[in-house]
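Take 209 as the starting number for the sequence shown in the numbering used here and just add one per residue. Positions of the beta carbon are idealized from the N, C-alpha and C atoms, including for glycine. Here the structure is a predicted model, which is why all the values come from computation and not from measurement. Here's the structure we're looking at; comments come further down.
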Amino acid sequence: MILSEQKKALIEKIGIFYEKLGMQPAAGRIMGLMFVSDRPELTFDEIRELLNISKSATSTALNLLIETGPVEYITFAGDRKRYFKLKTSNWRDALAQRFNNIISFKTLLQEVMETRSDKSTEFNSCLEEFIDFLEYLQQELPSLLKKWEESRK
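Structure (structure tokens):
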């Protein structure tokens, strides 16, 4: 498989996007490759060669992506290779997990507010506003998802 210059540039942009979210550079670039690839499954060696990254970096990044959820692998009868692909069908589950993380963080921040003194009123006010916004998200996101699903019928 040969990547066009446009696809190479997109891979880098997507990689940088994921790096900014805290992902390793190689893992971000693998995500980019999987999004732009015309084939839904790629082997370890194809990924390594297309991105020109070491075996170690490829292995570490793929293990991270499998463990954190956006990538899975499949095998085919009679073929010993593993084929890696994006889990595009589980976006709702991934969104639900992120939503649960937001709720957990909101709960932690509420506990923080219980322990804070009144000495930092400006900071406390900002923190309370953030907690209020997270509360708003908690209330509104389920109905937003439901509205979206109904609009697709």
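Cβ of residue i less than 8 Å from any chain C Cβ?
| i | result |
| --- | --- |
| R324 | Although the question refers to chain C, the structure presented lacks it and comprises just one protein chain. |
Given a cut-off of 8 Å on the beta-carbon distance, is the pair residue i and residue j in contact?
| i | j | result |
| --- | --- | --- |
| I222 | L270 | no |
| L258 | L211 | yes |
| A234 | A265 | yes |
| I282 | K293 | yes |
| M209 | R256 | no |
| V244 | K263 | no |
| L342 | F307 | no |
| I310 | L345 | yes |
Just the C-alpha distance for residue i and residue j, rounded to the nearest angstrom, thanks.
| i | j | result |
| --- | --- | --- |
| K327 | T276 | 40 Å |
| L367 | Q232 | There is no way to answer for residue 367, as the model of the chain reaches only from 209 to 361. |
| L241 | R324 | 46 Å |
| V279 | T268 | 13 Å |
In chain order, what residues of the same chain lie with their CB nearer than 8 Å to the CB of residue i, ignoring the 5 residues before and after it?
| i | result |
| --- | --- |
| I339 | K314, L317, Q318, M321 |
- [ ] Determine, using beta-carbon pairs with one atom in the segment 289 to 299 and one in the segment 241 to 256, whether at least three such pairs fall under 8 Å.
- [x] yes
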